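In the numbering used here, the protein residues as written are 612 to 1018.
Built from N, CA and C at the ideal position, the CB exists for glycine as well.
Because the structure is a prediction, the values reported are computed rather than measured.
Read the structure below first, then the notes.
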Ligand SMILES: *Cc1c(COP(=O)(O)O)cnc(C)c1O
């Protein structure tokens, strides 16, 4: 047994790998970002809805090669506007991957529609294409796929299914923005600019589409359902406006879009760095029998780095390994508890079982990954994981002896 295994875990009073917690995700802010914000303040003209919103929208539309981009104040607002813009009858069903942040399906409920949860592919944690078709009923109107951890879903197959059954395809690209292929196949693609996402506007989101009608509706929805925006009123010199839909205040400040434009310039750089770090992790972690990193079938932005614990080779639970890693200063997280398992969904929607996602939920841990990680940060994560995993491995003779004593 090497020395590292003998080393006492921090959770048992040993010396931690790090003195300070390394967070799992973090924004990258530089001087250009600060200058961008300051410029808007110094211009002192528009703080919300103004030219920087329009500019940011045009840049994102160009980046994703889409006709329209509508900026809103969160990724959740983006999903809400996207689903709302379909104008499907209340009670219609939308098939949603269960492995996502709750926002993905909460927005289905906001629109008085029913989410039908789909189980996941155990290798990628993306929606299981082979299970989608069985969930389609005569009430189904759309599928929402999430590019989990930043990896694209199998959109060729998803698009085929949608075309065959005449369904809309919505892509929640909160994790994948920045890689080639985002937005290519979906009718509506949503982005989030929360600080942990691939670029940030503090809070913010965007929807891209080629559909003129969806674009018109979403622009109306983000500002109370009022059809004429500030620009048209300024142009016509009229005070007159009409509210024709029940909308929301989902406007994003101009100030934040200036930050978004500045961040967008460095997105390719961020994605490259994320992939480099993931590659370093993959090299080490694919060789350990106790853990399995997610498999990569399509391009990934590596928004998060998720490992699955092979619990049959370990003497403890995910939660204990989670605590042990935290004690070492490795700021781990769990993405996600499957949405259908949340008490609200069990109680108010449907108490269902999706075996693959439920099993995997007990195995997953998200390790720190963000573009400004130093080589030492990366080494610390590798060290921490090795230390904790080796300690709890069923091939650790110390642990086996302990187990014998307690069995
Ligand atoms: C972050 C996230 C959202 C919500 O975005 P917000 O900007 O936080 O509202 C939706 N879906 C997924 C998959 C996300 O990761």
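Item: Segment contact flag, the stretch 752-767 with the stretch 658-676, C-beta cutoff 8 angstroms, min 3 pairs; Value: no
Item: Limits of the beta strand (DSSP E) - the one that residue 670 falls within; Value: Segment 662-674 is the alpha helix (DSSP H) holding residue 670; no beta strand (DSSP E) there.
Item: Simplified DSSP assignment, three categories, for residue 846; Value: helix
Item: Euclidean distance between Cα positions of residue 862 and residue 910; Value: 32 angstroms
Item: Check: residue 712 C-beta below 7 angstroms from any heavy atom of ligand 1; Value: yes
Item: C-alpha gap between residue 1002 and residue 690, whole angstroms; Value: 43 angstroms
Item: Cβ-based burial, residue 965 [other Cβ within 10 Å; buried from 16]; Value: buried
Item: C-beta contact flag for residue 888 and residue 977 at 8 angstroms; Value: no
Item: Buried/exposed call for residue 669, threshold 16 Cβ in 10 Å; Value: exposed
Item: Span of the beta strand (DSSP E) around residue 816; Value: 816-820
Item: Pairwise C-alpha distance: residue 712 and residue 633; Value: 22 angstroms
Item: Per DSSP, cross-strand counterpart(s) of residue 762; Value: 911
Item: Continuous alpha helix (DSSP H) stretch holding residue 751: start and end; Value: Per DSSP, residue 751 belongs to no alpha helix (DSSP H); it is in the beta strand (DSSP E), 751-757.
Item: Contacts around residue 630, its chain only, beta-carbon distance under 7 angstroms, and the 5 residues preceding and following it disregarded; Value: 940
Item: Contact under 8 angstroms by Cβ, residue 708 with residue 757; Value: yes
Item: Contact check, residue 780 vs residue 759, beta carbons under 8 angstroms; Value: no
Item: Straight-line Cα distance separating residue 954 from residue 881; Value: 36 angstroms
Item: Continuous alpha helix (DSSP H) stretch holding residue 919: start and end; Value: Note, residue 919: premise wrong, no alpha helix (DSSP H); beta strand (DSSP E) at 916-920.
Item: Cβ neighbours of residue 988 in the same chain (closer than 8 angstroms, five flanking residues each side left out); Value: 633, 979
Item: Residue 602 burial status per 10 Å Cβ neighbour count (16 or more: buried); Value: Outside the displayed span of the chain (612 to 1018) sits residue 602, for which this structure offers no information.
Item: Neighbour flag for residue 638 against chain D, beta carbons, 8 angstroms; Value: In the structure shown, chain D does not exist; there is a single protein chain.
Item: 8 angstroms Cβ cutoff met for residue 628 and residue 998; Value: yes
Item: Within 8 angstroms, strictly: CB atoms of residue 687 and residue 783; Value: no
Item: Spatial neighbours of residue 718 in its chain, beta-carbon cut-off 6 angstroms, leaving aside the 5 residues before and after; Value: 690, 691, 694
Item: Simplified DSSP state of residue 732, which is helix, strand or coil; Value: coil
Item: Between the CA atoms of residue 805 and residue 870 - distance to the nearest angstrom; Value: 12 angstroms
Item: Three-state class that DSSP yields for residue 715 in the structure shown; Value: helix
Item: Range of the contiguous alpha helix (DSSP H) that encloses residue 704; Value: No alpha helix (DSSP H) holds residue 704; the beta strand (DSSP E) holding it covers 704-708.
Item: Selected residue, minimal CA-CA separation from residue 701, among 723, 902, 624, 848; Value: 723
Item: Residue 685 CB to nearest heavy atom of ligand 1 below 7 angstroms; Value: yes
Item: Coarse secondary structure for residue 635, derived from DSSP in three states; Value: coil
Item: Residue from 926, 918, 942 whose Cα sits closest to the Cα of residue 1008; Value: 926
Item: Nearest neighbour of residue 728, chosen from 974, 950, 902 [CA to CA]; Value: 950
Item: Among 946, 739, 637, nearest to residue 967 - alpha-carbon criterion; Value: 739
Item: Residue 817 to residue 937 span [Cα, whole Å]; Value: 34 angstroms
Item: Three-way DSSP call (helix, strand, coil) for residue 867 in this model; Value: helix
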